[in-house]
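Enquirer: I have a structure I would like to understand better, so I am pasting it below and will then ask my questions one at a time.
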Amino acid sequence: MPSRKLNAFSALVYSTDPDFKPDVADTTEQTTLPPAKQVLRVRLETKHRGGKLVSLVAGFVGTTADRELLGKQLKTACGTGGSVKDGEILVQGDHRDKLVQWLLKNGYTGTKKG
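In our numbering, the protein residues as written are 379 to 492.
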């Protein structure tokens, strides 16, 4: 179950100050770590998918655009479809071995198969 993320207004109930402006800091986007420092986990999952297998890559730390790019590269390497949802990369089918080999070949040394 994903944890609830609180935004800047979640603790604010009411303010009587007419000049009040909450400090809004955009902390949702992180800088992307270099591939050698990424700790990725590749696992197989069938939950909530009608019994269909999905290879799941979790643990990527970085911007959404970089996660989407990595997802596209992994799907192309496996020759299959998939998506990027909830901070995880989903690749249709059991491609754990291909994914781990591709990630290790491309510098993601902290990759493990689970």
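A virtual CB, placed ideally from N, CA and C, is assigned to each residue, including glycine.
The structure presented is a predicted model; accordingly, all values stated were derived computationally and were not measured.
Give every residue of the same chain whose Cβ lies closer than 7 Å to the Cβ of L431, excluding the five residues on either side of it in the sequence, and list them in chain order.
Expert: The residues are L422, T424, G471, D472.
Enquirer: Near G460, what residues of its chain come up, given a Cβ to Cβ distance below 6 Å and the 5 sequence neighbours on each side ignored?
Expert: These residues qualify, in order along the chain: K453, L468, V469, Q470.
Enquirer: Quick one: is Y393 buried, meaning 16 or more other Cβ sit within 10 Å of its Cβ, or exposed?
Expert: According to the sequence shown, residue 393 is Ser rather than Tyr. Classification of S393: exposed, given that the 10 Å Cβ count is below 16.
Enquirer: Relative to the alpha-carbon of D444, which residue among L482, G488, T409 has its alpha-carbon at the smallest distance?
Expert: Answer by Cα proximity: T409.
Enquirer: With a 10 Å radius around its C-beta and 16 neighbouring C-beta atoms as the bar for buried, classify G449 as buried or exposed.
Expert: It counts as buried.
Enquirer: Expressed to the nearest angstrom, what Euclidean distance is found between the alpha-carbon atoms of R474 and G437?
Expert: Approximately 15 Å, taken between the alpha carbons.
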